[in-house]
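The structure appears below as structure tokens.
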DNA sequence: TTGACGCATTCCGTTATCGGAATATGATTG
DNA sequence: CAATCATATTCCGATAACGGAATGCGTCAA
């Protein structure tokens with residue numbers, strides 16, 4: 001068994017830096033495959049493959065425009081990621097070093113005196 | 001070239017469901033490796049390997065306690081993920097169907113009349 | 001010291017990923 | 001229809017990921 005298929009798994013889809021870059025670019029509007037490839041400095045087939053993954057998890061959608069295919073952002077699938085990660089917010093707000101925790105404990109104890 | 005190393009990449013570290021489950025479990029406190037394996041229904045070596053990945057990206061930390069090793073959460077690394085994903089919030093707030101966008105465009109145009 | 005326990009590591013086989021090159025498909029234009 | 005442009009797919013090779021089984025290693029208890 002290898003890693004879970006990236007298809008139908010948003011977390012895996014955004015685990016790839018190039019795919020994150022594609023999504024970021026698409027925030028400013030639709031792009032053709034060639035444009036994306038050029039802006040990212042990758043080959044056309046590579047861009048096409050990444051777009052396929054993003055399409056399969058529903059993070060982008062394609063629109064036919066003549067012989068071009070314009071890809072647009074559909075970020076709704078990112079909500080799940082945002083919420084999962086957000087569940088940890090209390091754990092990074094403030095510092096949670098072991099030392100810091102110890103210091104906080106100390107202060108708390110003293111305050112109770 | 002294969003996939004980027006999961007090591008030193010938080011996005012990749014949380015792309016694996018079992019590892020997400022481990023992090024979730026650790027929100028309620030430290031656990032030993034064996035406890036985690038049992039609670040997740042996976043083998044001890046498997047748990048140990050996932051913990052290694054999480055340790056290497058800094059999402060967990062280990063503390064020696066007798067012959068056990070207690071793993072604790074250090075979620076600070078998740079902040080980066082939360083912020084990146086959060087940058088897309090405006091795109092999933094409200095619906096962004098093509099139809100909806102069209103309707104919004106229409107309303108906007110009329111408002112300008 | 002020996003044995004048991006807890007954990008990490010290694011080795012192995014299977015599967016998936018990624019980039020590149022070549023090629024296929026599909027639409028537009030002449 | 002032929003040529004061209006834009007995109008998708010396929011094939012390939014190298015690499016990495018994952019789980020399982022076996023093993024190594026340190027710690028504690030008797």
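Residue numbers (UniProt numbering), protein chains in the order written: chain A, 1 to 113; chain B, 1 to 113.
Just so it is clear, CB atoms sit at the ideal spot from N, CA and C, and this is done for glycine as well.
Where does residue i fall in DSSP's three states?
{"i": "residue 27/A", "result": "coil"}
{"i": "residue 33/A", "result": "helix"}
{"i": "residue 59/B", "result": "coil"}
{"i": "residue 83/B", "result": "helix"}
{"i": "residue 41/B", "result": "coil"}
{"i": "residue 77/A", "result": "helix"}
{"i": "residue 16/A", "result": "coil"}
Beta-carbon within less than 6 Å of residue i's beta-carbon, same chain only, minus the 5 sequence neighbours each way: which residues are those?
{"i": "residue 63/B", "result": "70"}
{"i": "residue 113/B", "result": "The predicted position of residue 113/B is uncertain, since its pLDDT is 45 and thus under 50; a value taken from the coordinates is nonetheless stated next. So no residue of the chain qualifies."}
{"i": "residue 16/B", "result": "none"}
{"i": "residue 40/B", "result": "21"}
{"i": "residue 38/A", "result": "none"}
What residues in its chain sit with their C-beta under 8 Å from that of residue i, if we drop five residues either side in the sequence?
{"i": "residue 74/A", "result": "58, 59, 60 and 61"}
{"i": "residue 81/B", "result": "10, 11 and 14"}
{"i": "residue 8/A", "result": "56 and 57"}
{"i": "residue 51/A", "result": "22, 33, 36, 60, 62 and 71"}
Comparing C-alpha positions only, which one of the options sits nearest to residue i?
{"i": "residue 22/B", "options": "68/B, 80/B and 72/B", "result": "72/B"}
{"i": "residue 68/B", "options": "44/B, 76/B, 84/B and 90/B", "result": "44/B"}
{"i": "residue 79/A", "options": "78/B, 86/B and 76/B", "result": "86/B"}
{"i": "residue 34/B", "options": "27/B, 24/B and 48/B", "result": "48/B"}
{"i": "residue 88/A", "options": "51/B, 77/B and 66/B", "result": "77/B"}
Is it buried or exposed, residue i, if we count other Cβ atoms within 10 angstroms and call 16 or more buried?
{"i": "residue 10/B", "result": "buried"}
{"i": "residue 159/B", "result": "In the structure as shown, chain B begins at 1 and stops at 113. Residue 159/B is therefore absent and cannot be evaluated."}
{"i": "residue 134/B", "result": "Any question about residue 134/B goes unanswered here, given that chain B covers just 1 to 113."}
Using a Cβ-Cβ cut-off of 7 Å (strictly less than) and excluding sequence neighbours within five positions of residue i, which residues of its own chain qualify?
{"i": "residue 13/A", "result": "6, 19, 53, 54, 57 and 59"}
{"i": "residue 27/A", "result": "73"}
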